[in-house]
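Asks:
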């Protein structure tokens with residue numbers, strides 16, 4: 148249980164950990180860190196969050212016949228830090 152709490156503090160930005168963190172902060176006497184301002188660690192209220200497979204929408208998947216490139220949605224490739232490898236150079 149203590150390990151779970153430590154992981155929750157490390158991942159305080161994840162909304163799924165907020166209920167556990169609220170409870171722990173209150174028991175530690177640090178309820179001042181719970182709120183909606185910039186100086187607060189976690190918000191007062193739990194937002195409605197989708198979990199599991201329902202978070203991926205059909206619109207995020209490529210449609211048949213839709214080719215994705217680096218310019219239309221694919222992340223840039225990692226080429227090992229090397230620059231562009233062109234063929235012949237122009238004179």
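In this note's numbering, the protein residues as written are 148 to 238. Glycine is no exception: its CB is placed at the ideal position from the N, C-alpha and C atoms.
#1: For residue 164, which residues of its own chain have a beta-carbon under 6 Å away from its beta-carbon, when the five flanking residues on both sides are left out?
#2: At the level of alpha carbons, what is the spacing between residue 176 and residue 195?
#3: What residue range is occupied by the uninterrupted alpha helix (DSSP H) comprising residue 155?
#4: May I have the straight-line CA-CA distance separating residue 148 from residue 225, to the nearest angstrom?
#5: Alpha carbon to alpha carbon, how far is residue 153 from residue 184? Give it in angstroms, no decimals.
#6: Expressed to the nearest angstrom, what Euclidean distance is found between the alpha-carbon atoms of residue 179 and residue 222?
#7: Quick one: what's got a C-beta closer than 7 Å to residue 169's C-beta in the same chain, skipping five residues either side?
#8: If contacts are defined as beta-carbon pairs under 8 Å, then residue 193 and residue 162 qualify, I think. What distance do you get, rounded to the angstrom?
Replies: If we stick to the structure as given:
#1: Around residue 164: 155, 158.
#2: For residue 176 and residue 195, the distance between alpha carbons rounds to 27 Å.
#3: Here the alpha helix (DSSP H) through residue 155 covers 149–157.
#4: One C-alpha to the other measures close to 39 Å.
#5: CA-CA distance, residue 184 to residue 153, rounds to 23 Å.
#6: Rounded to the nearest angstrom, the two C-alpha atoms are 40 Å apart.
#7: Counting only Cβ-Cβ distances below 7 Å, and skipping sequence neighbours, we find 181, 189.
#8: With 8 Å as the limit, residue 193 and residue 162 qualify as a contact, their Cβ atoms being about 7 Å apart.
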